[in-house]
Amino acid sequence: MFPIKSLSTQADKISAVSERWMMSQPRIYRSFIRVKSLCDELEKNRLTVLTIGTNDCEQDRSFDFKAICDWFPMLLQALETTGNTSVHTVRLKEPFVEEAKTGILLSHLGYMKGLKHLEISWARGRLRRRRIWAKDLARCLRRTSSIETICIEVICAFEHGGEDLVSLNQAMQFHSTLKSLCLTNVDAASGSGKSRLELNSLLDSLATVPHLEKLELSSCALPDLGGGPSILKSNKGQIPAHILERDTTLGLLGDLKSALAISCLVEKSTKLHHLALRHCGLTNLHAHHLASVLCNDYGSCPSIRLEVLDLRSNVRITANHGQAWLVDCLILHDNFSLKEIHLDWYLSQQRHAVNLFGRMRFYTRLNRANRGLFLLKGTESRSDRDIWNQRMQILLAARDDLDVSFYFLRQDPTVVTGFKRESQRMIASQKNS
Numbered sequence: 002m003f004p005i006k007s008l009s010t011q012a013d014k015i016s017a018v019s020e021r022w023m024m025s026q027p028r029i030y031r032s033f034i035r036v037k038s039l040c041d042e043l044e045k046n047r048l049t050v051l052t053i054g055t056n057d058c059e060q061d062r063s064f065d066f067k068a069i070c071d072w073f074p075m076l077l078q079a080l081e082t083t084g085n086t087s088v089h090t091v092r093l094k095e096p097f098v099e100e101a102k103t104g105i106l107l108s109h110l111g112y113m114k115g116l117k118h119l120e121i122s123w124a125r126g127r128l129r130r131r132r133i134w135a136k137d138l139a140r141c142l143r144r145t146s147s148i149e150t151i152c153i154e155v156i157c158a159f160e161h162g163g164e165d166l167v168s169l170n171q172a173m174q175f176h177s178t179l180k181s182l183c184l185t186n187v188d189a190a191s192g193s194g195k196s197r198l199e200l201n202s203l204l205d206s207l208a209t210v211p212h213l214e215k216l217e218l219s220s221c222a223l224p225d226l227g228g229g230p231s232i233l234k235s236n237k238g239q240i241p242a243h244i245l246e247r248d249t250t251l252g253l254l255g256d257l258k259s260a261l262a263i264s265c266l267v268e269k270s271t272k273l274h275h276l277a278l279r280h281c282g283l284t285n286l287h288a289h290h291l292a293s294v295l296c297n298d299y300g301s302c303p304s305i306r307l308e309v310l311d312l313r314s315n316v317r318i319t320a321n322h323g324q325a326w327l328v329d330c331l332i333l334h335d336n337f338s339l340k341e342i343h344l345d346w347y348l349s350q351q352r353h354a355v356n357l358f359g360r361m362r363f364y365t366r367l368n369r370a371n372r373g374l375f376l377l378k379g380t381e382s383r384s385d386r387d388i389w390n391q392r393m394q395i396l397l398a399a400r401d402d403l404d405v406s407f408y409f410l411r412q413d414p415t416v417v418t419g420f421k422r423e424s425q426r427m428i429a430s431q432k433n434s
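Quick note on numbering: the sequence shown equals residues 2 to 434 in this note's numbering.
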C-alpha cells in the first residue's frame with residue numbers, strides 16, 4: 002500500500018503529463034477548451050439555446066460536434082450533475098457514428114429541467130440515415146417535466162417487440178405540458194411483428210395528453226392486422242358496405258382499428274387543432290371515420306376544434322369516396338372549425354375531383370372568415386345590437402373576398418339593415434357632438 006502523500010504526488014505527476022500531452026496536440030487541446038467552456042456555461046445557467054452540430058441560425062451559438070465527440074464523457078457528467086435550468090431549446094444537427102452514443106446524449110438531455118423545445122434533424126451527409134430509438138426518447142421525457150415541443154425529423158425506431166412503444170406511451174401519458182409532437186419517420190418494423198401490432202396504442206396514449214395541439218406523423222405504416230372473414234363479419238356495422246364489397250383483403254380489419262384510433266384521438270384531444278398523417282397508408286375507411294367525427298357543429302360537439310387536416314401521400318384515399326366524405330363534412334354538416342384540408346387532388350384528374358377541390362377551397366375560406374361565428378346558433382340571448390356588430394365586423398374583415406361576402410349576405414340579408422342603422426347612429430352622434 003502506498004501512503005496518502007505518495008498517492009497525491011503521483012496523481013499530480015499524471016495530471017502534469019496529461020496537460021503536457023494535450024498542449025502537444027493542438028486540436029485535442031482546443032476541443033477540451035470548447036467543451037470545458039460549454040460545461041461552465043451549463044453550470045452557471047448562462048446558456049438558453051444549445052445547438053450541437055451545424056448551425057443554420059447565426060444568432061444562436063453552436064458547439065463543434067468533433068469537440069464533443071472527443072470529450073463526450075465530460076459533457077454527459079456536466080448534464081447530469083449541474084442541474085441546468087436556463088436551457089429551453091436544444092437542437093441536435095449531427096449524429097454520432099455509433100447510434101448508442103446519440104441515444105445516451107438524448108437521454109441525458111432530460112436532466113435539463115428547463116428544457117421546452119427539442120429538435121433533432123441531421124444535416125445531409127453519409128450519416129443522415131442514423132436512427133434514434135424510442136426508448137432513449139422515453140428516458141428523456143421521464144427525466145424532464147416541462148417539455149412542450151418535440152420535432153424529430155430523423156428515423157425514430159422501435160425495438161424489443163413493443164417494449165419501446167409501451168415505454169414511450171407511459172412517458173407521454175403523464176406529460177401534461179406537451180403541446181406539439183412531430184415524428185417524420187416512424188420505423189415500427191425494426192423489431193418483431195408485435196411492435197407493428199401495437200402501433201395504434203401510440204395514438205391512444207396521445208389522446209390522453211391534455212394540452213396536445215399539434216401532431217404530425219409521417220412515413221408511419223399503420224399495421225394490417227388480419228384476422229379472417231369471421232372477424233370482419235363481426236365488424237360489418239363499422240365498415241361502409243361498398244368498401245366491404247370491393248375490398249376483401251385481410252388488412253381491412255387493421256384499417257378499422259387504426260381508423261377508430263385516429264377518430265378517438267380527434268374526439269378526446271380537446272385542444273388538438275393540427276393533425277398531419279402523411280405517408281401512413283390511410284384508406285377510404287380512415288377518411289370515412291374522420292369525416293363522421295368531424296361532422297359536428299359547435300352545438301353538438303364543442304370539444305372538436307381541429308383546424309388543419311393533412312392527409313397527403315395517402316394514395317388509397319380516393320376522390321370518389323374518401324375525399325368526398327371529408328368535403329361533405331364541411332358543406333352538408335356545417336363543420337366550422339376546419340380551415341385547411343390537404344389532400345392529393347393531383348392524383349385524380351376527373352371532373353368530380355376538380356369540383357370537390359373547388360368546393361373544399363371555398364368552404365375552408367368561409368371558415369377562415371369566421372363562418373361559425375357568423376352563423377352561430379344560440380345567440381337569441383344576446384342583444385340585437387351585439388349580433389349586428391359582430392356580423393358587421395366579420396363582413397368588413399371579408400370585404401376583399403366577394404364570394405365570401407356574398408355568402409354571408411345570402412345567409413343573413415338583414416345585415417344590410419344593420420349597416421344602415423349603424424351608419425345612421427354614427428351620423429347622429431357626430432351631429433350631436
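The C-beta atom is built at its ideal place from N, Cα and C for all residues, glycine as well. All figures in this text were calculated on a predicted structure; none of them were measured in a lab.
Comparing alpha carbon positions, the residue from 271, 360 and 203 closest to residue 184 is 203. Taking C-beta separations shorter than 6 Å and ignoring five residues to either side along the sequence, the partners of residue 275 in its chain run 215 and 309, following chain order.
Where residue 215 is concerned, the enclosing beta strand (DSSP E) starts and stops at 215–219.
In terms of CA proximity to residue 356, 325 leads the group 371, 373 and 325. For residue 98, the three-state secondary structure derived from DSSP is coil. A direct Cα-Cα distance of roughly 6 Å separates residue 86 from residue 113. In the structure shown, residue 310 falls within a strand segment according to DSSP collapsed to helix, strand and coil. Per DSSP, the beta-bridge partners of residue 91 are 51 and 119.
Classified as exposed, residue 362 has fewer than 16 neighbouring CB atoms from the shown chains inside 10 Å of its CB. The beta carbon of residue 97 is closer than 6 Å to those of 103 in its chain, skipping five residues each way along the sequence. For residue 221, the closest alpha carbon among the candidates 175, 43, 259 and 180 is that of 259. Annotated as distal: residue 151 and residue 107, with beta-carbon spacing of 8 Å or more. One alpha carbon belongs to residue 89, the other to residue 364, and they sit about 39 Å apart. Residue 417 and residue 410 have their C-alpha atoms some 8 Å from each other.
Residue burial annotation: residue 342 is buried, with at least 16 other C-beta atoms found within 10 angstroms of its C-beta.
Cβ atoms of residue 95 and residue 123 come within 8 Å of each other, at about 6 Å. In the DSSP assignment, residue 158 falls within the unbroken beta strand (DSSP E) covering 150–158.
Residue 219 and residue 312 have their alpha carbons spaced roughly 10 Å apart. Looking at the DSSP output, residue 341 bridges to 309.
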